[in-house]
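Numbering of the sequence shown is given in this note's numbering, commencing with residue 6 and proceeding in unit increments.
Below: one structure, written as structure tokens.
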Amino acid sequence: LKLEASAYFGPKVLHEALLRLCQACGRDSLDRFEKTMVDTIEAMRDERADFETMKEFAIEQLYACVREVSSSPDMKQPLEGAEARRTPGRSEEPKTLEDQLQAGLEDSFPASDPPAVVSTAIPGGSKKLVGTDEVLKKQREEAAKNNDRS
Numbered sequence: 006l007k008l009e010a011s012a013y014f015g016p017k018v019l020h021e022a023l024l025r026l027c028q029a030c031g032r033d034s035l036d037r038f039e040k041t042m043v044d045t046i047e048a049m050r051d052e053r054a055d056f057e058t059m060k061e062f063a064i065e066q067l068y069a070c071v072r073e074v075s076s077s078p079d080m081k082q083p084l085e086g087a088e089a090r091r092t093p094g095r096s097e098e099p100k101t102l103e104d105q106l107q108a109g110l111e112d113s114f115p116a117s118d119p120p121a122v123v124s125t126a127i128p129g130g131s132k133k134l135v136g137t138d139e140v141l142k143k144q145r146e147e148a149a150k151n152n153d154r155s
């Protein structure tokens, strides 16, 4: 009965333990565990005739368990290195970063500021909607009138 319990529950216990190991320490700890266990199993000796076959099955089960844990959605993902993404020469000073951001926003201001559409919710009517094109057209017409007068 002990042998059956070990055969049935052992893989489940191993899977859960490896999953928790990975969540705590990351993928590299799983790789080290796998290599150490394969080396340990390979180094074991016994007089039984089918011991080599048993070792092969044990390593096969180990690989299957590690593969299952690796593909688990609960697996801890490695953190991306911020240093690798950072632009060379980028400041760490918050004030400098704020100034750079403000300068970048000012450079892109017209494109990032869509034209406003004015309307009202007053009962009995609403104002005529005026867009950027109409305003620019009126400005050109007024400029043309002023040029004609001079």
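Positions of the beta carbon are idealized from the N, C-alpha and C atoms, including for glycine.
Here the structure is a predicted model, which means the values were calculated and not measured.
Could you give the distance in angstroms between the alpha-carbon of residue i and the alpha-carbon of residue j?
i	j	result
E21	V74	8 Å
C27	E65	20 Å
G109	P99	15 Å
S11	L35	22 Å
R145	Q105	36 Å
R53	K60	11 Å
T92	E103	16 Å
R50	E57	9 Å
D153	K143	15 Å
Are there 16 or more other CB atoms within 10 angstroms of the CB of residue i, so buried, or fewer, so exposed?
i	result
C30	exposed
V71	buried
L23	buried
E39	buried
By Cβ distance, which residues of its chain are closer than 7 Å to residue i, with the 5 residues on each side in sequence left out?
i	result
V140	none
Determine whether the Cβ of residue i lies closer than 8 Å to any Cβ atom of chain D.
i	result
A108	Absent here is chain D; the protein component of the structure consists of one chain.
I'd like the list of long-range same chain contacts for residue i, defined as Cβ closer than 8 Å, with 5 residues on each side in sequence excluded.
i	result
V43	I64, L67
Could you please give the first and the last residue of the uninterrupted alpha helix (DSSP H) stretch that includes residue i?
i	result
T58	56-75
M42	32-48
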